[in-house]
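Participant: Here it is, the structure in full.
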Amino acid sequence: MTAAIRPPRRQLANAIRALSMDAVEAARSGHPGMPMGMADIAEVLWNDFLRHNPANPHWCDRDRFVLSNGHGSMLIYALGHLSGYPLEMDEIRQFRQIGQRTAGHPERELEIAIETTTGPLGQGLANAVGMALAEKALAATFNRPGGTIVDHYTYVFMGDGCLMEGISHEACSLAGTLGLGKLIGVYDENNVSIDGDIDGWFTDDTPARFRAYGWHVVEDVDGHDPEAVIAALETARAETSRPSLICCKTLIGWGAPNKQGTADTHGAPLGPDEVAATRTQIGWEYEPFVVPDELRDAWDARARGAALEAEWQQRFDVYTERWPDLAREFQRRVRGGLPGNWSDLADAAIREIAAESRDMATRKASLRALEAFAPHLPELIGGSADLTGSNNTLHSGSAVIGSGQAAGNYIYFGVREFAMAAVLNGLALHGGFIPYGGTFLVFSDYARNALRMAALMRIRTILVLTHDSIGLGEDGPTHQPIEHVSSLRAMPNMAVWRPCDAVETAVAWRSAVERLDGPTSLVLTRQGLSHVARTDDQIDLIARGAYILLDSDGDPEVILMATGSEVGLVLGAARNLVSEGVRVRVVSVPCTEVFDAQPEEYRSHVLPANGAARLAVEAGARDCWWRYISGRGDVLGMASFGQSAPGKAVMEHYGFTVEAVTEAARRVLGRNSCL
């Protein structure tokens, strides 16, 4: 029987071009230029190199493919559809329409070959760094002589815009330092961005820049010559000690006879006349959204993918026989499940911390929680953006990852807050790890878009954000966060915990570890805080986001709410008010998002609608608290930036004292001062 003749590579690539321009034309919006320009490169990578299985997109040892220049989303939709992923032609016809998986920028969905949500340029590149780091660390932990079960590459497509973004410097510098030899970047060097020819604003010597980072660089590759692309990829794969950058010269919108090579193809439909002309130019004789069977058969990767996974499964079966405990642990970690006895371990650790009754800053309490939990969670991997000693992120079981040491769990990220957060996203997306990273709360602004992407993707990352208010003191208003907690709370899917002592901090860590559907920000103090005595029942209620810490006999006349360092202030104010005969309830609200998700019965129990006056106290922006103030009430917070002075003096200057809180409570009660 004669083997089927494989269609020419150019025709295989033209299927990507046709689908891309047709989908953008139907949507009357989109970016056809990049998919048309990178089609030849993508065809080579996906058909000759990429190890993946469309029938099982969750196969743990698949190669990772990231489209950092995500505006060209039709490239990955075409690749997924043609390769055999369950992305139907009707969905491509509905490109950029409501309710469709073919969104304007790729949104993470492994079932259709999308590893990460991209669009904000440069972040996919940083995610890829995290994925490659995860592969390297997992391989060092689990692979054994004669038992290799982690062995895959991370490929990332990027454009000029990705490399203009500052995050590309942060992430690629780190990748070079860590020696991520199985990270391969393909740079679409088409010299065009939205505003036109980039010679007026981007003239970097990119190969020299990446060599300075410690990357292996393959220059001047003709991105429309498949043999040149094959040779470049083989060269990159042969380099195992450094990440590789392949610089591919391409024409944006290749095949559009009147618009290729220009910004006209970047972010707008080609138009009916140019689409027709392109069909003639590339010899595409088919109607819109039609791909002939011979091309579909050549693209279909399901049989090859099944064979690749079956070969890996055989290796894993042998591994399981030789190292059964390691195999079970590997499976648990890639599934993302916690140890079977985790709940009992966590309960015991929190009770032990409560019994210690220690006064301490919550940043130090965070380290105490890490010391308790980390021995039971080998998947915890973390670091700090050059603030390790201040963030208290290095626990006694930490082992530092470096270029020559991959079997670790701690990363010195350097002064790279944005890249750190995006790399954490990549670690989480890859699987096998629960990543955390530390910086000052005020610098969460540097990392904010990566935090937003974690929230958008609902992935488990943990942000250790210390020095949480004006109480940090002498570093002054540049370092004293005001709007940051409210800003993070405004982000959908982000859980923000601001604990008041070591016990609440431990519960916050536990919640973050157990949370599978989004990131968590742990907002922690620099200054020391007093331990708060609680019953066992109250300790259990912390996990509900808000709970009654102190209560009166009978219905309260005033409810005092607070978080973090201000809980101690409202407790002091409550004692003053009780001595005056006032019925007071104190509610600690360490996490508003968790509290808001509680059943109405519980929420109305904690904050009853009985006409009691309410006062919320937090040394930050006040906006997010008004929804808890009903009837008589006020919010004691910040409406300005802070000042440089010792923390206690700054807090006193802005009215965060027991006396000031007491007086504010009297005002909402309508009582005269008893001073």
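Residue numbering for the sequence shown follows my numbering, beginning at 8 and increasing consecutively.
Ideal placement from N, C-alpha and C gives every residue a C-beta, glycine not left out.
#1: Go through its chain and collect everything with a Cβ distance to Met8's Cβ below 8 angstroms, but skip five positions before and after it.
#2: What's the gap between the Cα of Val163 and the Cα of Val675?
#3: Is Lys189 helix, strand or coil by DSSP?
#4: Since Ala628 sits in a beta bridge, which residues does DSSP pair it with?
#5: Taking the alpha-carbon positions, what's the Pro346 to Asn416 distance?
#6: Quick check on this structure: which residue in Asn583, Leu557 and Pro563 has the alpha carbon closest to the alpha carbon of Val596?
#7: Between which two residues does the alpha helix (DSSP H) carrying Gly40 extend?
#8: Helix, strand or coil for Ile23, going by three-state DSSP, please let me know.
#9: Tell me, please, which residues DSSP counts as bridged to Glu196.
#10: Would you kindly work out how many angstroms separate the C-alpha atoms of Arg358 and Ala502, rounded to a whole number?
#11: In three-state terms, what does DSSP make of Ser518?
#12: Ignore the nearest five residues each way along the sequence and tell me which others in Ile237's own chain have a CB closer than 7 angstroms to its CB.
#13: Considering only their Cβ atoms, is the gap separating Gly230 from Thr257 smaller than 8 angstroms?
#14: Within this structure, are the beta carbons of Ala263 and Thr285 separated by less than 8 angstroms?
#15: Please classify Gln320: does DSSP put it in a helix, a strand, or coil?
#16: Classify Trp633 as buried or exposed, calling it buried when 16 or more other Cβ atoms lie within 10 Å of its own Cβ.
#17: State the CB to CB distance for the pair Gly3 and Leu479, rounded to an integer number of angstroms; the pair is presumed to be in contact (CB under 8 angstroms).
#18: Do Thr669 and Ala580 count as a contact pair if the criterion is CB distance below 8 angstroms?
#19: Could you pull out every residue in the same chain whose Cβ sits closer than 8 angstroms to the Cβ of Glu246, ignoring the five residues on either side in sequence?
#20: Cβ atoms of Ala457 and Ala435: under 8 angstroms apart, would you say?
#21: Identify every residue that forms a DSSP beta bridge with His223.
#22: Let me make sure I understand the geometry here. Which of Pro563, Thr184 and Arg24 has the alpha-carbon closest to that of Gln267?
#23: Under 8 angstroms, with one C-beta from each stretch per pair, do the segment 166 to 183 and the segment 130 to 146 reach the 3-pair mark?
#24: For the segment 304 to 317 and the segment 82 to 99, state whether three or more C-beta atom pairs, one from each stretch, are separated by less than 8 angstroms.
#25: If you follow the beta strand (DSSP E) that Ser391 is part of, which residue opens it and which one closes it?
#26: Cβ of Pro382 versus every heavy atom of the ligand GTP: is any distance shorter than 7 angstroms?
#27: Ala413 to Leu82, Cα distance in whole Å?
#28: State the beta-bridge partners of Gly204 as determined by DSSP.
#29: When you compare the CB positions of Glu122 and Arg71, do they come within less than 8 angstroms of one another, or not?
#30: On the premise that Arg459 lies in contact with Asp524, defined as a C-beta separation below 8 angstroms, what is that separation, rounded to the nearest angstrom?
#31: Let me confirm a value: Met367 is counted as buried when at least 16 other C-beta atoms fall within 10 Å, else exposed. Which label applies?
#32: State the Cα-Cα distance for the pair Leu352 and Pro385, rounded to the nearest angstrom.
#33: Would you decide whether Met660 is buried or exposed? Buried here means 16 or more other CB atoms lie within 10 Å of its CB.
#34: In whole angstroms, give me the CA-to-CA distance for Ala85 and Arg103.
#35: Starting from Met658 and walking both ways along the beta strand (DSSP E), at which residues does that stretch end?
#36: Would you check if the segment 558 to 573 and the segment 619 to 626 touch, i.e. whether three or more CB-CB distances between them fall below 8 angstroms?
Facilitator: In short, the structure shows the following:
#1: Only weak support exists for where Met8 lies, its pLDDT of 38 falling under 50; the coordinates are left without a value.
#2: 57 angstroms
#3: Under the three-state reduction of DSSP, Lys189 is assigned to coil, being neither helix nor strand.
#4: Looking at the DSSP output, Ala628 shares a beta bridge with Met645.
#5: 18 angstroms
#6: Leu557
#7: Gly40 to Val51
#8: helix
#9: Lys256
#10: Here the C-alpha atom of Arg358 lies approximately 23 angstroms from the C-alpha atom of Ala502.
#11: helix
#12: Val51 and Asp55
#13: yes
#14: Yes, the Cβ-Cβ distance between Ala263 and Thr285 is below 8 angstroms.
#15: The answer is helix: DSSP assigns Gln320 an H, G or I state.
#16: exposed
#17: Residue numbering for the chain in the displayed model covers 8 to 682; residue 3 lies beyond these limits and cannot be assessed.
#18: yes
#19: Gly188 and His223
#20: No.
#21: Ser251
#22: Arg24
#23: yes
#24: Yes: at least three Cβ pairs fall under 8 angstroms.
#25: Leu387 to Ser391
#26: With respect to the ligand GTP, the structure shown offers nothing to examine, as it has no ligands at all.
#27: 33 angstroms
#28: Before going further, note that residue 204 is Asp rather than Gly in the sequence given. For Asp204, which the question treats as bridged, DSSP gives the partners Val199.
#29: yes
#30: The pair is not a contact, with the Cβ atoms about 16 angstroms apart (cut-off 8 angstroms).
#31: Around the Cβ of Met367, a 10 Å sphere holds 16 or more other Cβ atoms; the residue is buried.
#32: 14 angstroms
#33: A small correction: the amino acid at residue 660 is His; Met does not occupy that position in the sequence shown. Its Cβ having fewer than 16 others within 10 Å, His660 is exposed.
#34: Their backbone Cα atoms lie some 14 angstroms apart in a straight line.
#35: First-last for Met658: Gly654 to His660, but that is the alpha helix (DSSP H), not the beta strand (DSSP E).
#36: yes
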